[in-house]
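So the structure is just underneath, and the comments pick up after that.
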Amino acid sequence: MKDHSPARIRNVALVGHAGAGKTSLVEALVHHAGAVSRLGRVEDGTTVSDHEPEELARCMSLSLSLVAVEWEGHKFNLLDTPGLADFTADVRAALRVADLAVFVVSAVDGVEVQTRALWRQAASLAIPRMVFVNKLDRDRADFERTLDELRDVFGSGIAPLELPIVEAGAFSGVADLLTDTAYRYQDGQATAGEVPADMEAQEHR
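Numbering-wise, this note's numbering comes out as the position in the sequence shown, counting from 1, plus 57.
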């Protein structure tokens, strides 16, 4: 990895409740950036950010880890944090150096206790925050319910940048509201197209 000027380095902390999918998201980002050729799985103990024996045995992050990737001329230091309250000190350490906090929230379980506490910490440090709604392809996933809960807990300023596309009862892609483009996924590949007409009203929600 080449040297980057400070202006081209970003520290991004991924935070949230245990089991929300932070480590899997880091793995997906690292794989998409081309830093690893194989997409690891938490269940298999093959992710780049979980490597301690206890983490592999329990299939969860128990300490802070850093994974660096390059993307479009920038270096991103991805800080994968543990979700259990017992390890909040590691999360605080990540937030203190973060340029952005990405809150990973499960579309199945919604906004959980640890997520609320960490949001308050990030707010006290005046860190920019965004939310990544995860597990949209799981049974019982409900984006609308999760969005409503996010607004109830964190305020009406929560505004979606992407909306899930659900076709034939299954999650098939996302509609990017900034570019008005739909991205459908099949076999790990994205195809760009028009946003479905029946989503137009939802876009202005």
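Backbone N, C-alpha and C define an ideal beta-carbon position, used for all residues, glycine too.
Sorted by chain position, which residues of the same chain lie with C-beta nearer than 8 Å to residue i's C-beta, five sequence neighbours on each side aside?
i	result
residue 261	Its pLDDT being 47, under 50, residue 261 is placed unreliably in this model, and the coordinates cannot settle the point.
residue 246	none
residue 111	119
residue 147	120, 121, 138 and 139
residue 244	none
For residue i, which option in the options has the closest C-alpha, if you only look at C-alpha atoms?
i	options	result
residue 77	240, 99, 191 and 216	191
residue 179	167, 149 and 222	149
residue 131	197, 103, 165 and 60	60
residue 175	65, 67, 204 and 71	71
residue 142	125, 169 and 101	169
residue 125	216, 101, 109 and 92	92
For residue i, report the span of its beta strand (DSSP E) as first-last.
i	result
residue 186	186 to 191
residue 251	Looking at the DSSP string, residue 251 is not in any beta strand (DSSP E), and its letter there is neither H nor E.
residue 220	219 to 224
residue 51	Because the chain spans 58 through 262 in this model, residue 51 falls outside it and cannot be assessed.
residue 67	66 to 72
residue 241	238 to 243
Below 7 Å CB to CB, which residues in the same chain sit around residue i once its five sequence neighbours on both sides are set aside?
i	result
residue 99	80, 81, 107 and 116
residue 65	130, 131 and 132
residue 237	252
Are the CB atoms of residue j and residue i within a distance shorter than 8 Å?
i	j	result
residue 189	residue 172	no
residue 69	residue 152	no
residue 74	residue 140	yes
residue 232	residue 256	yes
residue 119	residue 134	no
residue 167	residue 129	no
residue 204	residue 218	no
residue 199	residue 164	yes
residue 251	residue 239	yes
What is the residue span of the alpha helix (DSSP H) that residue i lies within?
i	result
residue 202	200 to 211
residue 87	79 to 89
Considering only residues of the same chain and omitting the five flanking positions on each side of residue i, which have a CB-CB separation below 6 Å?
i	result
residue 258	Its pLDDT being 48, under 50, residue 258 is placed unreliably in this model, and the value from its coordinates should be taken loosely. If we look at residue 258 and ignore the five residues flanking it on each side, it has no Cβ neighbours.
residue 242	230
residue 194	228
residue 248	241
residue 97	84, 103 and 104
residue 185	157
residue 155	68, 70 and 184
residue 254	none
Could you name each continuous alpha helix (DSSP H) segment of 4 residues or more that falls completely within the stretch 104 to 175, going from the start of the chain to the end? Fully enclosed alpha helix (DSSP H) runs of 4 or longer: 110 to 115 and 145 to 154.
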